[in-house]
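*Asks:*
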DNA sequence: CTATTGGTACAGCCACATTTGAAGCGTAGG
DNA sequence: CCTACGCTTCAAATGTGGCTGTACCAATAG
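Chains as they are written, first to last, in the working numbering: chain S, 1 to 87; chain X, 1 to 87.
#1: Would you call the segment 10-23 of chain X and the segment 32-40 of chain X touching, i.e. three or more CB-CB distances under 8 Å?
#2: Can you pull the chain X residues whose beta carbon is under 8 Å from the beta carbon of residue 7(S), in chain order?
#3: When you compare only the Cα positions, how much space is there between residue 51(X) and residue 69(X)?
#4: Residues of chain S with CB closer than 8 Å to the CB of residue 72(X), please, in chain order.
#5: Output the boundary residues of the beta strand (DSSP E) element that contains residue 63(X).
#6: For residue 6(S) and residue 57(X), I'd like the C-alpha separation in whole angstroms.
#7: According to DSSP, what are the bridge partners of residue 54(S)?
#8: Are the segment 37-44 of chain S and the segment 69-79 of chain S touching by the rule of at least three beta carbon pairs closer than 8 Å?
#9: Between residue 74(S) and the rest of its own chain, which residues show a CB-CB distance below 7 Å, the 5 nearest in sequence each way excluded?
#10: Go ahead and label residue 64(X) buried or exposed: buried means 16 or more other beta carbons lie within 10 angstroms of its beta carbon, across all protein chains shown.
#11: When the distance is taken between beta carbons, is residue 47(S) closer than 9 Å to residue 165(S)?
#12: Does any C-beta atom of chain X lie closer than 9 Å to the C-beta of residue 53(S)?
#13: Taking the straight line between their C-alpha atoms, what separation do you get for residue 23(X) and residue 72(S)?
#14: For chain X, find out if any of its Cβ atoms is closer than 9 Å to the Cβ of residue 17(S); answer yes or no.
#15: Could you name the residues of chain S that residue 13(X) contacts, counting a contact when the two beta carbons are closer than 9 Å?
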């Protein structure tokens, strides 16, 4: 629900797509996602809040990576997806 | 892309989810999706434009059904989904 | 034919997300 | 310490999408 909202934005979609190829620091993401740094940071925060990406600081840099269950959770969030019945 | 935008709205998501259980006329959809008629029609138009649903008139009523490839196209629209490489 | 019901289309308002610009934090190095 | 760099966050301006109300079209019933 909120997941799909997070993904439906073009910037965030691109970020996730890039991250699906492997972790990246923000500076690398900047080269592949053509938006100002602070804007990118904002969208990264949205993705972080949605639990779709994880971060780790490495010296001065911050690495972003796709959360492990990201793709599965997105697929499950699609309408008509098989409901989880057994908790 | 525009697909995910269409699905990320709660009303449209619910509509698609209901339709995934089988076709419905608008009057039936109204009972399951608690929004004014106008609004429902508006969202149905968005889904129609996105090619996610199909319509057929039956007397006074209009039946909406999930487009056949709807789920597949949505899954393919997720970031990190396998790209179609061979055109 | 008219009346009624089901559904659609259009125009305007408003809220919310997005964007911008500037300031703030944390870390590395001189 | 002080500066530079990487990144984040805040506050205010902007815009786009969704909602409401109204008018409109299509088809059946009487």
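Backbone N, C-alpha and C fix where the C-beta goes; we use that ideal spot for every residue, glycine too.
*Replies:* If we stick to the structure as given:
#1: yes
#2: Here the question's residue 7(S) lines up with position 7 in the first chain. Per Cβ cutoff of 8 Å: 4, 8, 78, 79.
#3: One-based indexing of the second chain puts residue 51(X) at position 51. One-based indexing of the second chain puts residue 69(X) at position 69. Their backbone Cα atoms lie some 9 Å apart in a straight line.
#4: Taking the first residue of the second chain as position 1, residue 72(X) is located at position 72. By Cβ distance, chain S contributes nothing, its closest Cβ being about 10 Å from residue 72(X), past 8 Å.
#5: Within the second chain, residue 63(X) is the residue found at index 63, counting from 1. It spans 61-66 - the beta strand (DSSP E) in which residue 63(X) sits, taken as one unbroken run.
#6: For the purposes of this step, residue 6(S) is taken as the residue at position 6 of the first chain. For the purposes of this step, residue 57(X) is taken as the residue at position 57 of the second chain. Distance between the alpha carbons of residue 6(S) and residue 57(X) is about 35 Å.
#7: Residue mapping note: residue 54(S) aligns to position 54 of the first chain, counting from 1. DSSP output for residue 54(S) lists 65(S) as bridge partner(s).
#8: no
#9: For the purposes of this step, residue 74(S) is taken as residue 74 along the first chain, with counting starting at 1. The residues are 3, 7.
#10: As a first step, residue 64(X) is located in the second chain; it is residue number 64 there, counting from the start. Looking at its Cβ environment, which holds 16 or more other Cβ atoms inside 10 Å, residue 64(X) is buried.
#11: Nothing about residue 165(S) can be reported from this structure: the residues present for chain S run from 1 to 87 only.
#12: Here residue 53(S) refers to the residue found at position 53 when the first chain is read from its first residue. So, not an interface residue.
#13: Translated into the one-based positions of the second chain, residue 23(X) becomes position 23. Translated into the one-based positions of the first chain, residue 72(S) becomes position 72. Cα to Cα, residue 23(X) sits roughly 27 Å from residue 72(S).
#14: Residue mapping note: residue 17(S) aligns to position 17 of the first chain, counting from 1. Yes, because at least one Cβ of chain X sits closer than 9 Å to the Cβ of residue 17(S).
#15: Stepping through the second chain from its first residue, residue 13(X) is reached at position 13. Neighbours of residue 13(X) on chain S, chain order: 1, 4, 77, 78, 79.
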